[in-house]
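Trainee: Under the numbering used here, think of the first position of the sequence shown as 9, with each following residue one higher. The beta-carbon is built from N, C-alpha and C at its ideal position, and this holds for glycine as well.
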Amino acid sequence: MPRPADKPPLAAGSFDFPSDFLWGASTSAYQIEGAAAEDGRGPSIWDSFCKMKGRVNHGHNGDVACDHYHRYGEDIELMKDLGLGAYRFSLSWPRLLPAGKGPVNPAGLDFYDRLIDGLLDAGIEPWATLYHWDLPQGLDDLGGWTNRDSAGWFADYALLCAKRYGDRVRRWATFNEFSVFTLFGYAFGWGAPSVSDRAAHLKAIHHVNLAHGAAVDVLRATVPRALVGAIHSVQPCRPASPAPEDIAATSLFNEHWNLAFPDPQILGHYPPQIAQAIEPYLQAGDMARICRPIDWFGVNHYAPIYGKADPDMLWGFVFGALPETLPRSGVGWPVDPVAFEETLSGLTDRYHLPIYVTENGYGTQSADGPRERDELDDRGRVAYLAGSVAAMQRARQAGADVRGYFVWSLLDNFEWGAGYDDRFGIVFVDFATQERILKASARWYRDLIRGKAGI
Ligand code: IFM
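(1) Looking at the ligand IFM, does it come within less than 6 Å of E383, judged from the CB to the closest heavy atom?
(2) Considering Cα atoms alone, identify which of G371, G388, W452 and V410 is closest to Y428.
(3) Do you know offhand how far L18's Cα is from D205's?
(4) Less than 7 Å between the C-beta atoms of G193 and T258, yes or no?
(5) What alpha helix (DSSP H) runs, 4 residues minimum, are completely inside the stretch 253 to 312?
(6) Would you tell me roughly how many angstroms separate the C-alpha atoms of A461 and K447, rounded to the nearest one?
(7) Among the residues of its own chain, which have a CB less than 6 Å from the CB of P270, if the five just before and after it don't count?
(8) In this structure, how does DSSP classify Q243 when only helix, strand and coil are distinguished?
(9) E443: which of N69, L30 and E82 sits nearest, CA to CA?
(10) Which residue from T333, R458, V397 and Q373 puts its Cα closest to that of F436?
(11) I need the boundaries of the beta strand (DSSP E) containing N184, first residue and last residue.
(12) Taking a contact to mean a Cβ-Cβ separation below 7 Å, would you say G369 touches W304 in this structure?
(13) Taking the C-alpha atoms as reference points, what is the distance between Y359 and L275?
(14) Give the straight-line distance between the Cα atoms of P26 and D129, rounded to the nearest whole angstrom.
(15) Please say whether Y364 and G407 have beta carbons closer to each other than 7 Å?
(16) The ligand IFM and N262: does any heavy atom of the ligand fall closer than 6 Å to the residue's C-beta?
(17) Pull up the distance between the alpha-carbon of W101 and that of I313, whole angstroms please.
(18) Nearest to A329 by alpha carbon, out of L267, C245, L355 and L138?
(19) Starting from the C-beta of A399, find all residues in its chain whose C-beta is less than 6 Å away, skip the five residues before and the five after it, and write them out in chain order.
(20) Would you say N308 touches the ligand IFM, meaning its beta carbon is less than 6 Å from a heavy atom?
(21) Quick one: using the 10 Å Cβ neighbour count with 16 as the cut-off for buried, is I463 buried or exposed?
(22) Around the Cβ of A207, are there at least 16 other Cβ atoms within 10 angstroms (buried) or fewer (exposed)?
(23) Which residues share a DSSP beta bridge with G32?
(24) By Cβ distance, which residues of its chain are closer than 8 Å to R458, with the 5 residues on each side in sequence left out?
(25) Any contact of the stretch 384 to 396 with the stretch 449 to 456, i.e. 3+ C-beta pairs under 8 Å?
(26) What's the C-alpha gap between A219 and L168?
(27) Rounded to whole angstroms, what's the CA-CA distance from R103 to E41? Just pull it up for me.
(28) Looking at the strands, I want to know which residues DSSP matches up with K316.
(29) Taking all protein chains shown into account, decide if D2 is buried (16 or more other Cβ within 10 angstroms of its Cβ) or exposed.
(30) Since H264 contacts W323 with CB under 8 Å, what's their CB separation in whole angstroms?
(31) Note down the Cα distance separating V242 from Q281, rounded to an integer number of angstroms.
(32) For I132, which residues of its own chain have a beta-carbon under 6 Å away from its beta-carbon, when the five flanking residues on both sides are left out?
(33) Which residue's Cα is closest to the Cα of G338: Y310, D55, P362 and F325?
(34) Does any heavy atom of the ligand IFM sit closer than 6 Å to the C-beta of S36?
(35) Could you tell me which residues DSSP puts in a beta bridge with F436?
(36) Do you know how far the Cα of K59 is from the Cα of D357?
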């Protein structure tokens with residue numbers, strides 16, 4: 009098995025993607041929209057989480073973020089300038105249904121009309137994600153994803169979106185990164201709604217799976233031409249050491265991170281260790297409700313995970329130390345393009361669906377002040393993205409059915425618990441003035457899309 013360092017890089021200019029390969033960028037509502045208390049938007053669990061002391065760096069929040077709610081026109085112009093074929097955004101459930109269910113917010117509906125129409129006018133295909141972590145607080149008050157009724161709430165929300173936007177939006181994703189928001193929100197307690205409880209976590213996993221299945225049915229029934237998918241965070245899980253306890257912990261970590269959602273949704277069963285634990289929450293017919301045919305697999309990939317045993321953690325696993333030899337991104341994540349290549353090939357073999365890379369990107373950390381300008385010459389990000397595109401090309405050449413790639417992210421934005429310290433954008437955002445400036449990576453991506461950049 010060749011080690012990462014032994015893989016020859018592709019020669020510059022050996023770029024070999026078909027003309028219909030889709031190049032895009034992704035964002036999410038809470039991370040960029042701002043206007044948190046404007047035009048009738050209701051509170052989400054992330055608004056609440058940000059108010060909890062010490063949970064988000066510097067007490068940052070998404071109240072203003074990139075002010076995309078007001079500046080979406082300027083942002084569409086940026087996308088047009090970059091030559092994006094598609095833009096993946098998420099719809100904000102609390103902006104559309106302020107309490108999560110019940111009365112609809114007309115101003116919220118109008119906002120996404122304007123955004124979608126603007127994208128279409130610019131020749132950019134809108135890809136809508138129904139859920140990127142911003143559960144309405146009103147629903148969390150009723151138990152959120154731990155309440156089995158959440159599947160029905162989500163189906164009703166999906167119906168509202170499908171009816172309103174289905175005439176213009178063909179590409180739909182039910183959820184973004186199922187495993188991340190359930191693990192962080194209900195097991196580790198590091199994200200909203202900040203719970204750490206086994207039963208709550210298992211219920212959340214199962215109900216989110218049921219919600220996915222219900223939404224797929226709603227989308228199909230309402231938008232017959234819809235191409236429906238789901239977006240999973242897939243990162244190879246490797247033990248941080250050869251110790252048997254680290255190997256065992258990492259095997260469970262892998263089931264939770266990589267398999268707990270796509271396996272039941274596509275293969276019709278939970279992975280073995282989770283299947284046992286989830287049994288008490290299963291009702292007759294549930295697996296058929298979850299396993300609904302979908303059209304594409306969305307993969308968000310960044311870096312491999314190194315797992316280790318930790319008896320103090322809820323499930324006995326936690327993130328372990330990275331091998332010393334592995335290069336790291338500006339936020340300390342491993343840089344390992346071969347892991348990406350293997351992930352793409354592995355997904356094709358396991359699920360046999362067309363694949364879209366719906367997130368891939370590189371984080372940097374910058375302090376406030378003039379140092380932020382260093383961000384503009386983001387060579388580390390260019391190298392990472394070029395390495396990813398080359399890995400994707402190798403995977404395609406080996407038979408992986410990868411049809412599109414969305415960089416994370418179009419803009420620097422609210423990076424959850426890291427607040428605004430961590431920047432993933434190819435476009436720099438000066439949060440004091442809301443000025444947008446193309447970084448070197450944005451110019452490189454534009455050239456790549458035009459077929460002018462080497463990888
Ligand atoms: O910013 C997040 C995004 O919301 C989900 N995927 C990972 C990104 C970087 O951490």
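Mentor: Taking the geometry as given:
(1) no
(2) G371
(3) Below a pLDDT of 50, predicted positions are generally treated as unreliable, and L18, at 47, falls in that range; the measurement from the model is reported next regardless. Approximately 46 Å between the Cα atoms of the pair.
(4) no
(5) 280 to 286 and 294 to 298
(6) 15 Å
(7) H240
(8) coil
(9) E82
(10) Q373
(11) R179 to N184
(12) no
(13) 8 Å
(14) 24 Å
(15) no
(16) no
(17) 31 Å
(18) C245
(19) P345, F348 and E349
(20) yes
(21) buried
(22) exposed
(23) A94 and F414
(24) G91
(25) yes
(26) 15 Å
(27) 10 Å
(28) V326
(29) This structure gives no information on residue 2, because the portion of the chain shown stretches from 9 to 463.
(30) 7 Å
(31) 18 Å
(32) M87, L92 and Y95
(33) Y310
(34) yes
(35) I445
(36) 44 Å
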